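These notes concern the structure reproduced below.
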Amino acid sequence: MTDTNREVLLSIDDLHVWFELRRFGFGHAGYVKAVDGVTFNLHYGETIAIVGESGCGKTSLMKTILGLNTPTRGKIMFEDKNVGELTGEALRDYRSKIGYVQQDPFGALAPFMNVQRILEEPLVINGIKDPAERERRVRKVMEEVKLTPADDFLHKFPHMLSGGQQQRIVIARAIILEPKLVVADEPVSMLDASVRVEILKLLRGLQEKYRLAVIYITHDLSTVRYFSERVFVMYAGNVVEKAPVTSLVHTPRHPYTVALMDATSDPDADNALRYRELPGGEPPSLVNPPSGCRFHPRCPKRIENLCEVEEPQEFQVDEHLVACWLYK
Amino acid sequence: MNSIRKFFIELFQYPSAAIGMIFIIGLIIFSIYVVIALPYNEAISLWRGDENTWYKTPRTAQPKWVNWFRQEDLPETFSFNSADQQDTKTEEFSNGTNKILISFPFEYNSELFPQEVSLYFKSQYTAKQPFVNVKLITPDGRTINLNSFSIGRTYTYRLSQDQKLQRKFFGISPEKGIFVDPTVNADSLELLKAVPGTYELIVEGVAFEEGSSLDAELIVYGHVYGWAGTDHRRRDISIALMWGAPVALTFGLLSALGTTITTMIIAAVGTWYGGWIDEVIQRITEVNLILPFLSILIMIGTFYSKSLWVMLIAVIALSIFGGAIKGFRAIFLQIKEAPYVEAARAYGASNWRIIMQYLVPRIVPLLIPQLVILIPANVFLEASLNIINLGDPVLPTWGKLIQNGVGNGALTQGYYYWVLEPAFVLLLTGLSFAMVGFSMDRIFNPRLRGV
Amino acid sequence: MSTDNTLLSIRDLTLYFNTQKGPVQAVDGVFFDLGYKEAVVILGESGCGKSSLAKALLRLLPRNVSRYDGKVFLEGENIMEMDEEQYRQNVRWVRMSLVPQAAMNSLNPVLKVGEQVAEPMIIHHGVKKEEALNQAAKMFQHVGVPVDFLDRYAFELSGGMRQRVAIAMSLVTAPAVVILDEPTSALDVLTQANIFNVLKRLKKELEVSFVLITHDIATSSELADRVAVMYAGQIVEVSDAHRFFHEPLHPYSRMLMASVPRLRANQEPEYITGQPPSLLNPPTGCRFAARCPKRFAKCSEEPPVVNVDGIQVKCWLYSN
Ligand SMILES: Nc1ncnc2c1ncn2[C@@H]1O[C@H](COP(=O)(O)OP(=O)(O)OP(=O)(O)O)[C@@H](O)[C@H]1O
Ligand SMILES: Nc1ncnc2c1ncn2[C@@H]1O[C@H](COP(=O)(O)OP(=O)(O)O)[C@@H](O)[C@H]1O
Ligand code: SF4
Ligand code: SF4
Ligand SMILES: [Mg+2]
Ligand SMILES: [Mg+2]
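Residue numbers (the working numbering), protein chains in the order written: chain A, 39 to 366; chain B, 2 to 452; chain C, 74 to 393.
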């Protein structure tokens, strides 16, 4: 990997997150295999991006890391502790070390709380009893997300703020407990182009300043290039390619990564003059995923009698780990 | 605070809400005034008082304001007491026997007869009762001897019930007989008219002991009394009308608050934990919904207690698992999935904190209109309980008035005011709350608002 | 209006809404032209009035409109002068139709999608149901939905398929202009790119012009022949796509372009500081002035629309 000297903060090993489907409220009707065998390491201060289409399991993976879903199989180690074995106080302590930035900033803020209350909640819950100390930290964190002067915002309610300001509050709340890791689930997909850049730069600044590890979940490859170090591409519950970002955008290896890149536009008038070459079809059902390589029904490079039969393991190609038979 | 002001500004844009609000505020101020001006104990002892407490008021008298709508005013009640009016009383002493002369000259202005005429005597003596002779001098100078009798320490002489006197007036009841002109020949009793003028009622008393005394009080009962009238036990209905307000408000508010808040919390707990807790709550609700609400109240009232507070608790207990729980549940199921709730879990909020600080406040706006609309429903419920004889045995309330009225022939004998007055205030209260409640609903639930 | 090739020409289109706090100037003097078989992109940030513009064009007005005027020439005829009945018979869904924002989520859940696509034909052209369904089937082929999906319900389709159905619905009456309000913003990249392939083919194969409303600059280049940039209710630049994506003129357009992260070039994106002004009380003078790095004294006056080699720019920098 890129930087083997760095210490591992989070290590995920063969993680499976399956949701049981029930017929008429009872009776087993199969599983949604939202995360199906994911393995990776995340280092202190590192930013990784998880890219994939909606429904491929990004959110499920991240919620499991946050302890909001229970893994069906596999292990999550955080600072050398097995997260699956944490309970009570230790679990809360673990959660307080991870900040959470959601997709919909308005939905992520309780509409009946003002900014001060929103930001104080994590402090209150995590045992900071002194109101003066809380206020100090609230103000500090508001400065970090550049919502100044703080007094202009403290007593406002979420609906009085713009989308960008709301997302700053969400970020402020995510870092107020001084976490080691921030998980940002499509943090800018509901925002305008300019605001997107603003928020991503803010996140990057905080990451550099506090040596935060960041997991940036997105379906937009073009932002990944500027705001992460490594990229994991997910398809139908699997990570199909792991690579350093520059290498990925220059030489994508997995056919699905290639398709994602081909589908991503840059602003260029010539785009209108040609059709894009794209795989047809749609992402598969996660209840009965295709046999072998899950991408095979859509893959233009499919190898007959292999891809649909056997699931590809990860192959190392340069700095990439690619789950594709092409690289055997 | 600013948002509260804004809310009221918005509320007052609905004229019905403004009117309702004014009535509610008026009702609240009035209730506070009532409780201060006529304290509970006083009100209760008045309301439970018997003829001794209420001897001065006429029976089932209409409120005074009916005279505004009549050509000929109904006579009011008036009374004289020899104890306060020295000039009407003369005493003569001779060897231990006193002769006492009490005179009540009075102006009678109406052509309508009074309802009753009574004399209340009080005397002091050791062994021998004083003796009195009562007579009346009419405006045309006739002297009518009414009756003579010896009296105890207290004695009531009801003219209207004096059979002998009635025979003397050829069957016309005495309170009328004394006021008619015997020279006028009326074809029927209904056409008889009183002769207005100055009458004088004279009590000649003889006391047989030294130091004994005699006082008399004359009451000529009219047909109207006070602003609310009286009931069959001569009680002033205004007491029940006034005290009905705080009772109704308290019952309505407490039951509505108690029910809604508990229901909401139970619904929140059920939805948040889900699983068997939710199942149990759901099943209890379903069972409760088919329980015969009223029958249970009747059973409690019959076998346990009819106290307002017992009924209040019973009503709350039976409504907690009511239909509202399903509505709240549906909303909570949505809120539960809100990203901000998930965020709270992520930063470690406990289950209880999430329920109380994250789920519940979200539906308070929905709750307030519901609560306001529930208040009159429960006020009506309390009134209805009275009507089916499950009312609080002590408290004067609106429902009680209606029940008393109906039970004592208000509707068959034309004492409509007795039932209409409490019915009107009930309706007014219900309407006010409903108007405010529905407008609030529109403000809080913009889906109902027109574009 | 201008040249013979002009299909739709909009001048001074204005739409204000009444609110408790006063009039919202959602669309304020909007202008642009659209040729036959062309696509114009309306670019702008959230809340700048794009959807309101679509509503104004199709006269789908809410009840709280406080001002609605201007000129809209469709094939030379000012459709703003028509009364509602004429408009309904001659314009809405006959010559001009709309794929509303979030259309794919507002399909009728209890009607088969085929019937829904056929519906405008039945209403506006009074054709028989069978014929309309045939037409719907044809449209399904055009937008790339398998014909056997005609009998399905909306919930049985994926987001991308539903969006195609919504597009088919707007095309079934063979209108000259189709307005697409954010047709792909809720969709995944691959689906998005597929839909743009469909739109490109439609533009080529059918007699149809598009007004594409979007805030996504990068994907807008997939369809654009012309670009109109909207800021705080006003059009600030109308340009030809080639020149616009190469080098826009208006300071706002330039900064907007600079904020787009590029996948195929290493160019750090930059954001625009500040926020767009409220449309309740927009500032006098240039509405972008508070955020504009090139601002100068003149800018406190309303800038004129200047024609720079065929590009129209509303900015004092270009007026001399
Ligand atoms: N019916 C209405 N009444 C009052 N204000 C309205 C109404 N419809 C829209 N607005 C306001 O007009 C402005 C423009 O809204 P519009 O929906 O056209 O924006 P938009 O550019 O389409 O934004 P988005 O990208 O978020 O869809 C906004 O400030 C909006 O709040
Ligand atoms: N709690 C759940 N129960 C059942 N299915 C779920 C649940 N959460 C997510 N899923 C399913 O898991 C799959 C992956 O979802 P998600 O992780 O949200 O994808 P992404 O974030 O990549 O869009 C989807 O098919 C989704 O419907
Ligand atoms: S394994 Fe086969 S089907 Fe899968 S991506 Fe590689 S080539 Fe395509
Ligand atoms: S008119 Fe002035 S403020 Fe407005 S964009 Fe042009 S230079 Fe900037
Ligand atoms: Mg997701
Ligand atoms: Mg819009």
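Glycine included, each C-beta is placed from N, C-alpha and C at the ideal position. Computed from a predicted structure; not experimentally measured.
- Between ligand 3 and R84(C), a heavy atom-to-CB distance of less than 7 Å is absent.
- E343(B) belongs to the set of residues whose beta carbon lies under 8 Å from a beta carbon in chain A.
- With respect to the C-alpha of L147(B), the residue from Q162(B), P247(B), P140(B) having the closest C-alpha is Q162(B).
- Near chain A, meaning a CB-to-CB distance below 7 Å, the residues of the region 109-139 of chain C are E118, S119.
- Just so you know, the alpha carbons of M330(C) and P324(C) end up roughly 10 Å apart.
- Taking a beta-carbon distance threshold of 8 Å, P305(A) counts as an interface residue toward chain C.
- In the DSSP annotation of this structure, D52(A) is not part of any alpha helix (DSSP H); the continuous beta strand (DSSP E) holding it starts and ends at 46-61.
- P377(C) has its Cβ no nearer than 7 Å to any heavy atom of ligand 4.
- Taking C-beta separations shorter than 6 Å and ignoring five residues to either side along the sequence, P183(B) has no partners in its chain.
- For the pair I115(C) and H358(A), the Cα-to-Cα distance works out to about 40 Å.
- Put simply, the CB of G349(B) is near chain A, with a gap under 8 Å to one of its CB atoms.
- The DSSP-derived three-state label of T110(A) is coil.
- Taking P362(B) as reference, the option from I332(B), L386(B), G349(B), E383(B) with the minimal CA-CA separation is I332(B).
- In this structure, K128(C) has its beta carbon at no less than 7 Å from each heavy atom of ligand 6.
- The three-state secondary structure of K90(B), taken from DSSP, is strand.
- Setting aside the 5 residues that flank it on each side, L298(B) is surrounded in the same chain by M312, A315, V316, L319, L386, L391, each with a C-beta closer than 8 Å to its C-beta; the list follows chain order.
- Membership of K144(C) in any alpha helix (DSSP H) is not indicated; the residue belongs instead to the beta strand (DSSP E) covering 138-147.
- Between F81(B) and F107(B), the beta carbon gap of about 7 Å places them in contact (Cβ cut-off 8 Å).
- In chain order, A148 make up the part of chain A whose C-beta sits under 7 Å from the C-beta of Y359(B).
- Not one heavy atom of ligand 3 is found less than 7 Å from the C-beta of K280(A).
- Within the region 247-270 of chain A, those residues whose Cβ lies closer than 9 Å to any Cβ of chain C are, in chain order, H257, D258, L259, S260, T261, V262, R263, Y264, F265.
- For the 8 Å CB-CB criterion, F381(B) and G431(B) form a contact.
- Those residues placing their Cβ nearer than 5 Å to any heavy atom of ligand 3 are, following chain order, P293(A), C331(A), F333(A), H334(A), C337(A), K339(A), R340(A), C345(A), P350(A), C362(A), W363(A), L364(A).
- Taking 9 Å as the Cβ-Cβ cut-off, the region 199-230 of chain A approaches chain B at V208, R211, A212, I214, L215, V221, given in chain order.
- By the Cβ-count criterion, E280(C) is exposed, with fewer than 16 other Cβ atoms from all chains shown falling within 10 Å of its own Cβ.
- In the structure shown, S392(C) adopts coil according to DSSP, grouped into three states.
- Remark: the shortest separation between the CB of L390(C) and any heavy atom of ligand 4 falls under 7 Å.
- The beta strand (DSSP E) runs of length 3 or more contained entirely in the region 213-287 of chain B are, from start to end of the chain, 214-222.
- In this structure, V420(B) sits near L412(B), with a CB-CB distance shorter than 8 Å.
- Closer than 8 Å to the CB of R284(B) there is not a single CB belonging to chain A.
- When Cβ-Cβ separations below 8 Å define contact, Q140(A) makes contact with chain B.
- For the C-beta of A268(B), not a single chain A residue is nearer than 7 Å; the gap to the nearest is close to 18 Å.
- Short note on C365(C): C-beta closer than 7 Å to some heavy atom of ligand 4.
- For N393(C), no chain A residue has a Cβ inside 7 Å of its Cβ, as the nearest lies near 28 Å away.
- Excluding five sequence positions before and after R60(A), the CB atoms of its chain that fall closer than 8 Å to its own CB belong to H66, A67, given in chain order.
- When C-alpha distances from W56(A) are compared across V89(A), L199(A), T97(A), R211(A), the shortest belongs to T97(A).
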